[in-house]
Structure formats: C-alpha cells, structure tokens
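Structure, as structure tokens:
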Amino acid sequence: MSVTIYTQSSCSSSRKALKWLNENNISYNEKRITSQPLTLAEFKNILSMTEDGTDEIIATNSNDFKNLDVDIEQLSIQELYALIQKYPRMLRSPILLDEKRIQVGYNEMDIRRFIPRKVRAFELNALQKLAVE
Numbered sequence: 005m006s007v008t009i010y011t012q013s014s015c016s017s018s019r020k021a022l023k024w025l026n027e028n029n030i031s032y033n034e035k036r037i038t039s040q041p042l043t044l045a046e047f048k049n050i051l052s053m054t055e056d057g058t059d060e061i062i063a064t065n066s067n068d069f070k071n072l073d074v075d076i077e078q079l080s081i082q083e084l085y086a087l088i089q090k091y092p093r094m095l096r097s098p099i100l101l102d103e104k105r106i107q108v109g110y111n112e113m114d115i116r117r118f119i120p121r122k123v124r125a126f127e128l129n130a131l132q133k134l135a136v137e
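Here the sequence shown stands for residues 5 to 137, where the numbers follow the working numbering.
Here it is as structure tokens:
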C-alpha cells in the first residue's frame, strides 16, 4: 500500500510528515499542491474520505481564505474546486491518504496509522514483553 501525501512548499508540517514516512520506510508519492494542482478526481477523493468535509481540509486561517470573504458552505463542489485551483494554499497541509485512511495535518501519534498493522502488532508485542521483564 502506498501513501499519497499532498504538501506545500515551506510547510514545516509537510516536512515533518515526509521525514516520518522516510524514517519508517513507508513508500509514498508526494504531490506539491502549489506547483501541481489537484485534479477534480483527487479533490473529490480527499473530500469523500473526510469525516467533517470542508471543515477538515480548508485552512480558514490562511491569508488566501481570509481575503476571499466567501462562504464555503454555499459553494458547489465545482466552485470550491475552482477556488482551490486558484488558491491552493487554502488547503491544510499535509494531507496524507491511502486506500482506507486520511490524515490532515501532522500529528505524531495519528500518523502511525500508516504503519502496516502487522508491524504495529509486532511493536506492541515487543513493548509488552519488555514491560513484563
């Protein structure tokens, strides 16, 4: 399973996530959304995997978003996509996803969900053995 990570240049959270993926030998495909705009299919896929919809992926504190003075809830998917094409920094970053999971932003504990289950089980077993000894 490969992870797709959508990053932005000069984003410290994106750098941390990439470093973590490398340190944990997790294969990934990086896409810089500021230089490689999302396709409509990618945008719809990301949106479909969120629990909170646009609230989860839109950086409402970004300058781009603040300057727009627009109500996201009133936009169609096509209109929102067009805005993100024009202002990609409106999206939170990084956005990591695979076939089953999504994570928006970098969180040291939550990102572990991208470690294969067998590896996590092995690590847990090893820690439990150490605790008993």
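Ideal placement from N, C-alpha and C gives every residue a C-beta, glycine not left out.
- About 18 Å separates the Cβ atoms of Met94 and Leu100, ruling out a contact at the 8 Å cut-off.
- Going by DSSP, Asn49 is part of no beta strand (DSSP E) but of the alpha helix (DSSP H) stretching over 44 to 53.
- Beta-bridge pairing by DSSP links Tyr10 to Lys35, Ile99.
- CA-to-CA, the gap between Phe47 and Gln132 works out to about 41 Å.
- C-alpha of Leu25 to C-alpha of Asp56: approximately 25 Å in a straight line.
- Taking the C-beta atoms as reference points, Leu51 is found nearer than 9 Å to Ile81.
- For Ile61, there is no enclosing beta strand (DSSP E); the enclosing alpha helix (DSSP H) covers residues 58 to 61.
- If you check the CB distance, Asn33 and Thr54 do not come in under 9 Å.
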